[in-house]
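Q:
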Amino acid sequence: MEYDIKDINLAPEGALRSEWAEREMPVLRTIRERFERDKPLQGIKMAGCLHITAETSNLAKTLKAGGAEVVMCASNPLSTQDDIAAHLVAEGIPVFAIKGEDNDTYYRHMSAAVDTAPQVTMDDGADVVAMLHSEKTHLLDGVIGGMEETTTGVIRLRSLHGQGKLRYPIVAVNDSDTKHMFDNRYGTGQSTLDGIIRATNILITGKTIVTVGYGWCGRGFASRAQGMGAHTVVCEVDPVKALEAVMDGHRVMSMNEAAKVGDIFLTVTGGMHGVDRRHFESMKDGAIIANSGHFDVEINVKALEEMAEAKRRVRPFVDEYTLEDGRKLFLLAEGRLVNLGAAEGHPPSVMDMSFANQALAGEYIASNHQNMPPGVYTIPNELDSEIARLKLGAMGMTFDTLTPEQDKYLNSWESGT
Numbered sequence: 257m258e259y260d261i262k263d264i265n266l267a268p269e270g271a272l273r274s275e276w277a278e279r280e281m282p283v284l285r286t287i288r289e290r291f292e293r294d295k296p297l298q299g300i301k302m303a304g305c306l307h308i309t310a311e312t313s314n315l316a317k318t319l320k321a322g323g324a325e326v327v328m329c330a331s332n333p334l335s336t337q338d339d340i341a342a343h344l345v346a347e348g349i350p351v352f353a354i355k356g357e358d359n360d361t362y363y364r365h366m367s368a369a370v371d372t373a374p375q376v377t378m379d380d381g382a383d384v385v386a387m388l389h390s391e392k393t394h395l396l397d398g399v400i401g402g403m404e405e406t407t408t409g410v411i412r413l414r415s416l417h418g419q420g421k422l423r424y425p426i427v428a429v430n431d432s433d434t435k436h437m438f439d440n441r442y443g444t445g446q447s448t449l450d451g452i453i454r455a456t457n458i459l460i461t462g463k464t465i466v467t468v469g470y471g472w473c474g475r476g477f478a479s480r481a482q483g484m485g486a487h488t489v490v491c492e493v494d495p496v497k498a499l500e501a502v503m504d505g506h507r508v509m510s511m512n513e514a515a516k517v518g519d520i521f522l523t524v525t526g527g528m529h530g531v532d533r534r535h536f537e538s539m540k541d542g543a544i545i546a547n548s549g550h551f552d553v554e555i556n557v558k559a560l561e562e563m564a565e566a567k568r569r570v571r572p573f574v575d576e577y578t579l580e581d582g583r584k585l586f587l588l589a590e591g592r593l594v595n596l597g598a599a600e601g602h603p604p605s606v607m608d609m610s611f612a613n614q615a616l617a618g619e620y621i622a623s624n625h626q627n628m629p630p631g632v633y634t635i636p637n638e639l640d641s642e643i644a645r646l647k648l649g650a651m652g653m654t655f656d657t658l659t660p661e662q663d664k665y666l667n668s669w670e671s672g673t
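Residue numbers (this note's numbering): 257 to 673.
(1) Looking only at DSSP bridge pairs, what is R571 linked to?
(2) Scan the segment 482–545 and note each continuous alpha helix (DSSP H) run of 4 residues or more that stays entirely inside, going in chain order.
(3) Just the C-alpha distance for L585 and Q375, rounded to the nearest angstrom, thanks.
(4) Are the CB atoms of H550 and L587 nearer to each other than 8 Å?
(5) Kindly indicate which residue of G582, H625, S641 and E619 has the alpha-carbon position closest to the one of M609.
(6) Starting from the Cα of K516, find the closest Cα among S510, K540 and L499 and give me that residue.
(7) Is the segment 351–370 touching the segment 322–337, taking contact as three or more C-beta pairs under 8 Å?
(8) In the structure shown, what three-state DSSP assignment does V606 receive?
(9) What residue does the beta strand (DSSP E) around I465 start on, and which one ends it?
(10) To the nearest angstrom, report how far apart I297 and M257 are at their CA atoms.
(11) Under a Cβ-count criterion, where at least 16 other Cβ atoms within 10 Å of its own Cβ denotes burial, should R412 be classed as buried or exposed?
(12) For G631 and M484, what's the separation of their Cα atoms in angstroms?
(13) Any chance you could list the alpha helix (DSSP H) runs of at least 4 consecutive residues sitting entirely within the segment 584–638, in chain order?
(14) Quick one: is M302 buried, meaning 16 or more other Cβ sit within 10 Å of its Cβ, or exposed?
(15) For A324, which residues in the same chain have their Cβ closer than 6 Å to its Cβ, ignoring the five residues on either side in sequence?
(16) Is it buried or exposed for V557, if we count other Cβ within 10 angstroms and need 16 for buried?
(17) So, for V574: in the same chain, excluding its five sequence neighbours on each side, which residues have a beta-carbon less than 7 Å away from its beta-carbon?
(18) DSSP on M208, reduced to helix/strand/coil?
(19) Within 10 angstroms of the Cβ of R273, are there 16 or more other Cβ atoms? Answer buried if so, exposed if not.
(20) With DSSP collapsed to three states, give me the class of M281.
(21) Taking the straight line between their C-alpha atoms, what separation do you get for M651 and H307?
(22) By a C-beta neighbour count over all protein chains shown, 10 Å radius and 16 as the cutoff for buried, is P604 buried or exposed?
(23) How do the segment 508–526 and the segment 484–493 stand: do at least 3 beta-carbon pairs fall below 8 Å, yes or no?
(24) Would you mind working out which of M511, S623, S548 and G542 sits nearest V531, comparing C-alpha positions?
(25) Please go through the segment 317–355 and give each complete alpha helix (DSSP H) segment of 4 or more residues, from N-terminal end onward.
(26) Where does G401 sit, in a helix, a strand or coil, going by DSSP?
(27) Just how far apart, CA to CA, sit F536 and A373?
(28) Evaluate the contact criterion for the segment 386–405 versus the segment 340–353: three or more CB pairs, one atom per stretch, below 8 Å.
(29) Rounded to whole angstroms, what's the CA-CA distance from K567 to G381? Just pull it up for me.
(30) Where DSSP assigns a beta bridge to K664, which residues make up the other side?
(31) Can you give me the Cβ contacts of T407 inside the same chain, cut-off strictly under 6 Å, excluding the 5 residues immediately before and after it?
(32) Kindly indicate the opening and closing residues of the alpha helix (DSSP H) around A303.
(33) Which residue from E580, A316, V410 and L344 puts its Cα closest to that of A267?
(34) Write down the C-beta distance between T523 and I544 rounded to the nearest angstrom, noting that I regard them as a contact closer than 8 Å.
(35) Quick check: the Cα distance between V283 and R507, rounded to an integer number of angstroms?
(36) Check whether the Cβ atoms of G304 and A316 lie closer than 8 Å to each other.
Structure (structure tokens):
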């Protein structure tokens with residue numbers, strides 16, 4: 257078995273952390289038990305370009321339990337947990353990922369995973385899809401479908417499909433309610449603050465924290481910063497989302513204004529250069545800048561490098577940039593995902609639902625791919641609801657169901673005032 261990881265001797269440590277995460281992932285555990293019996297993925301080759309974390313290890317083992325031949329690579333150079341990579345290899349799952357790998361190694365590892373000629377792809381950012389549709393088109397005929405985990409990746413896939421170039425069906429896992437309403441909001445909210453605090457040991461209370469972007473991730477982060485006593489500011493280009501942020505209790509202003517008052521800046525836009533050169537020029541001495549969007553283009557790091565007279569690493573994952581006028585700005589995790597670069601990513605309880613979506617989407621593709629022309633699909637509502645039911649049951653919660661009379665009323669037009 258071929259693989260490329262930091263150190264196979266880290267496997268026992270990874271096994272313990274994978275086991276700890278699994279305790280908080282009852283929905284995925286239930287799916288794995290069924291997969292072990294029914295083998296719905298028997299013989300299917302799957303390549304996953306995902307964050308190699310304790311939570312992801314439980315998804316990979318679930319897919320393997322279902323009969324799949326799984327290979328994994330990292331979806332971000334800083335997000336790999338090396339002990340988890342070793343644990344997966346020890347479990348017979350090839351992994352190509354090393355925390356802190358350079359750009360060339362990152363793409364070499366992805367290429368190694370794609371070269372296994374997968375039938376089903378799993379992406380977190382659509383990099384595998386992009387590679388298959390550009391450098392490795394000769395492998396496309398063998399692909400029956402794929403899954404995409406994140407907002408940024410879904411945007412890329414819809415663009416590819418809109419141009420008529422997408423060659424196989426992909427389930428947008430991110431569009432499931434049990435994914436984006438929980439993973440993006442609660443997972444990103446908590447794990448991003450965790451990453452900022454671990455990297456800096458800064459006190460959040462009393463700081464002015466600027467959230468750039470108010471989608472599900474921005475909502476979650478701003479809410480949690482507010483809950484910890486921060487003065488919260490939101491910057492948005494969508495007036496409806498900006499209005500929502502105001503109603504949620506945040507100040508809303510342009511980024512040009514916010515740059516002058518912020519102590520900590522966090523980008524979660526899914527776009528590029530939410531924090532740009534003109535903003536660096538206005539920031540106060542000591543401002544901290546971080547990103548929790550998928551790609552490292554949300555902060556214009558190149559402009560910051562050009563503006564700086566000196567740069568030094570003052571803490572792990574904290575780079576100090578000294579500007580010409582003596583101001584110092586601090587960039588976290590090189591402008592990459594701070595929650596995975598400087599911390600451990602989302603808590604397993606929320607990833608339980610996200611990865612349940614991945615596992616069930618893989619099963620859905622295996623069963624239905626012949627009736628799925630190239631396009632971007634959403635997981636069926638009944639599967640989304642089943643994941644929520646399983647999660648509530650695991651939490652010991654109950655919920656109501658409609659009586660026949662109530663159901664009839666909601667599905668009729670006769671009754672009025």
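Backbone N, C-alpha and C define an ideal beta-carbon position, used for all residues, glycine too.
Since the structure is predicted, the reported quantities are computational estimates derived from the model, not experimental observations.
A: In short:
(1) Position 315 of the sequence shown holds residue 571. Paired residues: V574.
(2) 495–503, 511–517 and 533–538
(3) Position 329 of the sequence shown, counted from the first residue, corresponds to residue 585. Position 119 of the sequence shown, counted from the first residue, corresponds to residue 375. So the two alpha carbons sit approximately 46 Å from each other.
(4) By one-based count along the sequence shown, residue 550 stands at place 294. By one-based count along the sequence shown, residue 587 stands at place 331. It is not a contact, given that the beta carbons lie outside the stated cut-off.
(5) Residue 609 sits at position 353 when you count from the first residue of the sequence shown. When only C-alpha atoms are compared, the closest one is S641.
(6) By one-based count along the sequence shown, residue 516 stands at place 260. Out of S510, K540 and L499, K540 has the C-alpha closest to the C-alpha of K516.
(7) yes
(8) As a first step, residue 606 is located in the sequence shown; it is residue number 350 there, counting from the start. Helix.
(9) By one-based count along the sequence shown, residue 465 stands at place 209. That run of the beta strand (DSSP E) goes T464 to V468.
(10) Position 41 of the sequence shown, counted from the first residue, corresponds to residue 297. Position 1 of the sequence shown, counted from the first residue, corresponds to residue 257. Just to set this straight, residue 297 is Leu in the shown sequence, not Ile. Distance between the alpha carbons of L297 and M257: 20 Å.
(11) By one-based count along the sequence shown, residue 412 stands at place 156. Classification of R412: buried, given that the 10 Å Cβ count is 16 or more.
(12) Walking along the sequence shown from the start, residue 631 turns up at place 375. Walking along the sequence shown from the start, residue 484 turns up at place 228. For G631 and M484, the distance between alpha carbons rounds to 42 Å.
(13) 594–597 and 604–624
(14) Your numbering for residue 302 matches position 46 in the sequence shown. M302 comes out buried.
(15) Taking the first residue of the sequence shown as 1, we reach residue 324 at position 68. Excluding residues within five positions, the ones whose Cβ falls inside 6 Å are L297, I300 and M302.
(16) Residue numbering aside, residue 557 sits at position 301 when the sequence shown is read from its first letter. The residue in question, V557, is buried, as its Cβ has 16 or more Cβ neighbours within 10 Å.
(17) Residue 574 sits at position 318 when you count from the first residue of the sequence shown. The answer, listed in chain order, is A455, T456, F586 and L588.
(18) Only positions 257 to 673 of the chain appear in the structure, and residue 208 is not among them; the question remains open.
(19) Residue mapping note: residue 273 aligns to position 17 of the sequence shown, counting from 1. R273 comes out buried.
(20) Taking the first residue of the sequence shown as position 1, residue 281 is located at position 25. M281 falls in the coil class under three-state DSSP.
(21) Counting from 1 along the sequence shown, the entry for residue 651 is found at position 395. Counting from 1 along the sequence shown, the entry for residue 307 is found at position 51. Approximately 26 Å between the Cα atoms of the pair.
(22) Position 348 of the sequence shown, counted from the start, is the residue given in the question as residue 604. Classification for P604: buried.
(23) yes
(24) Locating residue 531 in the sequence shown gives position 275, counting from the first residue. The residue with the shortest Cα to Cα distance from V531 is M511.
(25) 338–346
(26) Translated into positions along the sequence shown, residue 401 becomes position 145. Note: G401 maps to strand in three-state DSSP.
(27) Here the question's residue 536 lines up with position 280 in the sequence shown. Here the question's residue 373 lines up with position 117 in the sequence shown. If I take the Cα positions, the gap works out to 45 Å.
(28) no
(29) Locating residue 567 in the sequence shown gives position 311, counting from the first residue. Locating residue 381 in the sequence shown gives position 125, counting from the first residue. Rounded to whole angstroms, K567 to G381 spans 30 Å at the Cα level.
(30) Translated into the one-based positions of the sequence shown, residue 664 becomes position 408. None; K664 has no bridge partner.
(31) One-based indexing of the sequence shown puts residue 407 at position 151. Excluding positions up to five away in sequence, the list reads N430 and G526.
(32) The residue given as residue 303 occupies position 47 in the sequence shown. Careful: A303 lies outside any alpha helix (DSSP H), inside the beta strand (DSSP E) at K301 to L306.
(33) One-based indexing of the sequence shown puts residue 267 at position 11. Nearest of E580, A316, V410 and L344 to A267, Cα basis: L344.
(34) By 1-based counting over the sequence shown, the position of residue 523 is 267. By 1-based counting over the sequence shown, the position of residue 544 is 288. About 12 Å separates the two Cβ atoms, so there is no contact after all.
(35) Along the sequence shown, read from residue 1 onward, the residue named residue 283 stands at position 27. Along the sequence shown, read from residue 1 onward, the residue named residue 507 stands at position 251. Each residue's Cα considered, the two are about 38 Å apart.
(36) As a position in the sequence shown, residue 304 is number 48, starting the count at 1. As a position in the sequence shown, residue 316 is number 60, starting the count at 1. Yes, these two residues count as a Cβ contact at 8 Å.
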